[in-house]
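> Can you read through this structure? Questions will come right after.
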Amino acid sequence: MSPAAMPSSGHQGSGAPHLVFVPSAGMGHLLPFTRFITAIADMGVDISVVTALPTVSEAEAEHFAGLFAAFPAIRRIDFNLLPFDASAFADTEPFFLRWESLRRSAHLLGPLIAGAAPRASAIITDVTLASEVIPVAKNELKLPCHVLFTSGATVLAFLAYFPVYLDGANADHLVGDVDVPGVRRLPSDYCPRVLRNPDGLFTKQFIVNGREIAKADGILVNTFDALEPEALTALRGGKVVPGFPPVFAVGPLKSTPSARRSDKADSPIAWLGEQPARSVVYVAFGNCNAAALKQIREIGAGLEASGCRFLWVVKTTILDREDTAELRDVVGDGFLGRVQGRGLVTKEWVDQEAVLKHPAVGLFLSHAGWGSVTEAAAYGVPMLAWPTLGDHKIIATVIRSGGFGVWMEHWSWQEEDSEESSVVSGVEIGEKLKEVMGDEAISASAAKMREEATKAVAPGGSSYRSMHEFLAMLG
461 MSPAAMPSSG HQGSGAPHLV FVPSAGMGHL LPFTRFITAI ADMGVDISVV TALPTVSEAE
521 AEHFAGLFAA FPAIRRIDFN LLPFDASAFA DTEPFFLRWE SLRRSAHLLG PLIAGAAPRA
581 SAIITDVTLA SEVIPVAKNE LKLPCHVLFT SGATVLAFLA YFPVYLDGAN ADHLVGDVDV
641 PGVRRLPSDY CPRVLRNPDG LFTKQFIVNG REIAKADGIL VNTFDALEPE ALTALRGGKV
701 VPGFPPVFAV GPLKSTPSAR RSDKADSPIA WLGEQPARSV VYVAFGNCNA AALKQIREIG
761 AGLEASGCRF LWVVKTTILD REDTAELRDV VGDGFLGRVQ GRGLVTKEWV DQEAVLKHPA
821 VGLFLSHAGW GSVTEAAAYG VPMLAWPTLG DHKIIATVIR SGGFGVWMEH WSWQEEDSEE
881 SSVVSGVEIG EKLKEVMGDE AISASAAKMR EEATKAVAPG GSSYRSMHEF LAMLG
């Protein structure tokens, strides 16, 4: 079915703004888009979503299918990507390759969006595509272009300032600490390690997007004022980059009920219902992070030694289509039997938001991806941060400054260190889990953050006002 034949979101011919969303790849990028889309679907706007085909993962394909099934009035604009020879980028992360494939096909978006009916009012794109989509929108289509930034305001400030930092350092890659004006000084070890490689695909993408994002008409961020006060103040006040576009903190964005949500007797949510309040450690490291087998075994040993109840989502590959390992082989002989009743281990998809809002969960051992942090903050779950890659260490500074979690700064991952093995022992993991689970000050800070998150999205709250200010810009 052609895009023009798809039904509108119910406002065709009414003069309502028609927003065309251009999301990127990776569930950490896709989830904020779908949550923002569902948040405004009933606010008098017409919506189309550009869907790149084929999707990278099964999770993405199912997520798109769920969105269009739940909101049949939202248009789907199929975007068939050009062939892309990735052989020149050996050992590059698959999602970086998908971003590059999207970027190289972006010139096809002009005719695709121009053919949409009613005429598009504005484009909202992912930051990973900003340097390609913003020129198409503003120069070719003569449309305003906004960026939905899928990480936090602190990372946004780092991205926006990074080209200024490079110009001052007369460099084409990360060479030292980065002092983001009005925000904080970020030691080079906190910054994404891939930025140290001047020839890396991600480094080139990051720099061009950082330069182009200043030309956007507005930046939407899944955060709220109480979570990142310094970064939002600095961005809005022009301290980071003079003349930076308006920044709208519209979070925490929450999901709508999913067709994938399961309350079967053997589901994690059903299992949590049998556990005492705040007794369970939830362990998950995101959709794009796979630990080495040796580290997985040590995590298991730590959970077993901690004496805590736990729900552990194990991931052995970056792409779900490649994940064929048997759970028993991954966690080791006898482990599942020894923890039976006290722990639940799964390699299946888990509705993380439903887990974190469950009263049985008392701690979240996390990679500190932004989606995980906003969900934990929204539901008042203390965090034990174990950053894995990318912007996770920068995000961990937000957890630490907010007081609702602990960042184990010396914990690392084998994939990140070329030196000696950086495997964290089960003994240390177990001790830290017990310590943070019993920390009443952290629990109180997490509860306070939940209150602030609730106030932010309530009528009259900071994020509520930001959302309506953005919609008012559209006319």
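Sequential numbering of the sequence shown, starting at 461, is according to my numbering. Note that beta-carbon positions come from the ideal geometry of N, C-alpha and C, so glycine has one too. Please read all numbers here as calculations on a predicted model, not as lab measurements.
Just checking, does the region 648-668 make contact with the region 895-911 on the three C-beta pairs under 8 Å criterion?
no
> For R644, report the span of its alpha helix (DSSP H) as first-last.
On the sequence shown, position 184 is the one that residue 644 refers to. Careful: R644 lies outside any alpha helix (DSSP H), inside the beta strand (DSSP E) at R644 to L646.
> In the DSSP assignment, find the unbroken alpha helix (DSSP H) run with R696 in it and report its ends.
Mapped onto the sequence shown, residue 696 falls at position 236. Residues P689 to R696.
> Taking C-beta to C-beta, are R645 and V638 nearer than 9 Å?
Locating residue 645 in the sequence shown gives position 185, where the first residue counts as 1. Locating residue 638 in the sequence shown gives position 178, where the first residue counts as 1. Yes, they are a contact pair.
> Work out the CA separation of G612 and V701 for me, nearest whole Å.
The residue labelled residue 701 in the question sits at position 241 within the sequence shown. The residue labelled residue 612 in the question sits at position 152 within the sequence shown. Approximately 17 Å, taken between the alpha carbons.
> DSSP state of P658, grouped into three classes?
If you number the sequence shown from 1, residue 658 lands on position 198. Correct three-state label for P658: coil.
> I need the boundaries of the beta strand (DSSP E) containing G865, first residue and last residue.
The sequence position of residue 865 within the sequence shown is 405, counting from 1. Element bounds for G865: G865 to W867.
> For G826, report the span of its beta strand (DSSP E) as first-last.
Walking along the sequence shown from the start, residue 826 turns up at place 366. The question names Gly, but residue 826 in the sequence shown is Ser. Taken as a continuous stretch (DSSP letters only), the beta strand (DSSP E) holding S826 covers V821 to S826.
> Please name the residue, chosen from L680, L619 and E912, that lies closest to Y839 on a Cα-to-Cα basis.
Numbered from 1 along the sequence shown, position 379 holds the residue referred to as residue 839. For Y839, the nearest C-alpha among the options comes from E912.
> F549 and R564 - do their beta-carbons sit closer together than 9 Å?
What you label residue 564 is simply residue 104 of the sequence shown in a count that begins at 1. What you label residue 549 is simply residue 89 of the sequence shown in a count that begins at 1. Not a contact, by the Cβ cut-off of 9 Å.
> Can you name, in chain order, every residue of its own chain whose Cβ lies under 6 Å from the Cβ of F824, other than the five neighbours on each side?
Taking the first residue of the sequence shown as position 1, residue 824 is located at position 364. Once the five neighbours on either side are set aside, the close Cβ partners of F824 are Y742, A836, V841 and M843.
> Determine the extent of the alpha helix (DSSP H) in which P870 is found, giving its start and end residues.
As a position in the sequence shown, residue 870 is number 410, starting the count at 1. Checking the sequence, you will find His at residue 870 rather than Pro. Counting along the chain, H870 sits inside no alpha helix (DSSP H), nor does DSSP assign it H or E at all.
> How far does the beta strand (DSSP E) with Y742 in it reach, from first residue to last?
As a first step, residue 742 is located in the sequence shown; it is residue number 282 there, counting from the start. Run containing Y742: V740 to A744, per the beta strand (DSSP E) assignment.
> Does DSSP put D593 in a helix, a strand or coil?
As a first step, residue 593 must be located in the sequence shown, where it is residue number 133. Strictly speaking, residue 593 in this sequence is Val, with Asp absent from that position. Residue state, collapsed to three classes: helix.
> Could you check the C-alpha separation between A620 and F666 for me, to the nearest Å?
The sequence position of residue 620 within the sequence shown is 160, counting from 1. The sequence position of residue 666 within the sequence shown is 206, counting from 1. Between A620 and F666, the C-alpha separation is close to 10 Å.
> Span of the beta strand (DSSP E) holding A709?
The residue given as residue 709 occupies position 249 in the sequence shown. It spans V707 to A709 - the beta strand (DSSP E) in which A709 sits, taken as one unbroken run.
> Could you tell me the distance, in whole angstroms, from the CA atom of A597 to the CA atom of R579?
Taking the first residue of the sequence shown as 1, we reach residue 597 at position 137. Taking the first residue of the sequence shown as 1, we reach residue 579 at position 119. Distance between the alpha carbons of A597 and R579: 13 Å.
> Figure out for me which residue from R558, F531, H523 and V510 has the closest Cα to the Cα of G575.
Sequence index remark: in the sequence shown, residue 575 carries index 115 (1-based). Minimum Cα distance to G575 is reached at V510.
> Keeping to the same chain, check which residues put their C-beta closer than 8 Å to that of A676; ignore five residues upstream and five downstream.
On the sequence shown, residue 676 is found 216 positions in, with the first residue counted as 1. Contacts found: A590, I594, C605, H606, V607 and P705.
> Whole angstroms are fine: how far does the CA of G733 sit from the CA of E875?
Position 415 of the sequence shown holds residue 875. Position 273 of the sequence shown holds residue 733. The predicted model places E875 with a pLDDT of 48, which falls under 50 and marks its position as unreliable; any figure quoted below should be read in that light. The straight-line gap from Cα to Cα measures roughly 36 Å.
> Can you tell me where the alpha helix (DSSP H) holding W830 begins and where it ends?
Here residue 830 corresponds to residue number 370 of the sequence shown, with the count starting at 1. Its alpha helix (DSSP H) spans residues W830 to Y839.
> Between the Cα of R757 and those of R738, D789, P728 and G767, spot the shortest distance and give me the residue it belongs to.
Taking the first residue of the sequence shown as position 1, residue 757 is located at position 297. For the residues R738, D789, P728 and G767, the minimum Cα distance to R757 belongs to D789.
> Excluding the 5 residues flanking I679 on each side, which residues of the same chain have their C-beta closer than 6 Å to its C-beta?
Position 219 of the sequence shown, counted from the first residue, corresponds to residue 679. Cβ within range, chain order: V607, F609, P705 and V707.
> In its own chain, which residues sit with a C-beta less than 8 Å from the C-beta of Y924, not counting the 5 before and 5 after it?
One-based indexing of the sequence shown puts residue 924 at position 464. Only A916, V917 and A918 meet the Cβ criterion.
> In whole angstroms, give me the CA-to-CA distance for R671 and T683.
Sequence index remark: in the sequence shown, residue 671 carries index 211 (1-based). Sequence index remark: in the sequence shown, residue 683 carries index 223 (1-based). Each residue's CA atom was taken as its position, placing R671 and T683 some 22 Å apart.
> In its own chain, which residues sit with a C-beta less than 6 Å from the C-beta of G829, not counting the 5 before and 5 after it?
Walking along the sequence shown from the start, residue 829 turns up at place 369. So the list reads G488 and G746, once near-sequence residues are dropped.
> Give the range of the alpha helix (DSSP H) segment to which T614 is assigned.
Reading the sequence shown from its first residue, position 154 is the one you call residue 614. Where T614 is concerned, the enclosing alpha helix (DSSP H) stretches over A613 to A629.
> What would DSSP say about T498, mapped onto helix, strand or coil?
Taking the sequence shown and counting its residues from 1, the one referred to as residue 498 is at position 38. Three-state DSSP puts T498 in a helix.
> Secondary structure at G488, three-state DSSP: helix, strand or coil?
Here the question's residue 488 lines up with position 28 in the sequence shown. Looking at G488 - three-state DSSP - the assignment turns out to be helix.
> Hey, how far is the Cα of A691 from the Cα of M927?
To locate residue 691, count along the sequence shown from 1; it is residue 231. To locate residue 927, count along the sequence shown from 1; it is residue 467. Looking at the two C-alpha atoms, the distance is approximately 18 Å.
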